[in-house]
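Asks:
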Amino acid sequence: MKIKLNGVAETLLITLNARAKDYKSPKSVLHDKKSFEIASQLDYDFKKFDTAWASYYGILARAYIMDEEVKKFIEKYPDCIIVSIGCGLDTRFERVDNGKITWYNLDLPEVIENRKLFFKEK
């Protein structure tokens, strides 16, 4: 499947690729199956990101730390509202949902349109 992204919106593929690659790793940090499924459906040459190993580890570290902080917040406020600004094709909601939170994803219009191809609104 091809998706149309221009400029800054295309950078969401960098973080998606890192999470998808991590899922395939025997030492996966995030265990993010949804990102792997999305990346597998896209007609895109992700190989151009293969040389950016420092970026790959930075993306995973940031995602892991943010997941842990969001989980702590949800534990303290189980019925909270969370707004993810610049969400791209992020799958954090799937990784941290407790079944009670309300989650809003905000991004550029073209990004939100592409999100609709992979995520159902809840």
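Residue numbers (numbering that gives the first Met the number 0): 0 to 121. Ideal Cβ positions, reconstructed from N, Cα and C, are used throughout, including at glycine.
With C-beta atoms as the reference, is Lys-46 less than 8 Å away from Thr-90?
Replies: Not in contact: Lys-46 and Thr-90 (Cβ atoms no closer than 8 Å).
Asks: Could you check the C-alpha separation between Leu-107 and Ala-8 for me, to the nearest Å?
Replies: The alpha-carbon atoms of Leu-107 and Ala-8 are separated by roughly 7 Å.
Asks: Is it true that the CB of Ile-64 sits closer than 8 Å to the CB of Thr-14?
Replies: Cβ distance not < 8 Å, so Thr-14 and Ile-64 don't count as in contact.
Asks: My understanding is that Leu-11 touches Leu-88, with C-beta atoms under 8 Å, so please give their C-beta distance in whole angstroms.
Replies: Contact holds; Cβ gap of about 5 Å.
Asks: I need the DSSP call for Asn-104, collapsed to helix, strand or coil.
Replies: Here Asn-104 sits in strand by DSSP.
Asks: In the DSSP assignment, the beta strand (DSSP E) including Ser-39 goes from what residue to what residue?
Replies: Looking at the DSSP string, Ser-39 is not in any beta strand (DSSP E); the run it does join, the alpha helix (DSSP H), is 32-40.
Asks: For a test of the three-state rule: what should DSSP assign to Ser-54, helix, strand or coil?
Replies: DSSP places Ser-54 in helix when its eight states are reduced to three.
Asks: Please state whether DSSP places Ile-2 in a helix, a strand or coil.
Replies: Coil at Ile-2, not helix or strand.
Asks: Since Lys-70 and Asp-42 are thought to touch, with beta carbons under 8 Å apart, how far apart are those beta carbons, to the nearest angstrom?
Replies: So it is not a contact: roughly 34 Å between Cβ atoms.
Asks: What is the DSSP secondary structure of Val-82, counted as helix, strand or coil?
Replies: DSSP places Val-82 in strand when its eight states are reduced to three.
Asks: Can you list, in chain order, the residues of its chain with a C-beta nearer than 6 Å to that of Asp-21? Leave out the 5 residues immediately preceding and following it.
Replies: Taken in chain order, the residues that qualify are Ser-27, Val-28, Leu-29, Leu-59.
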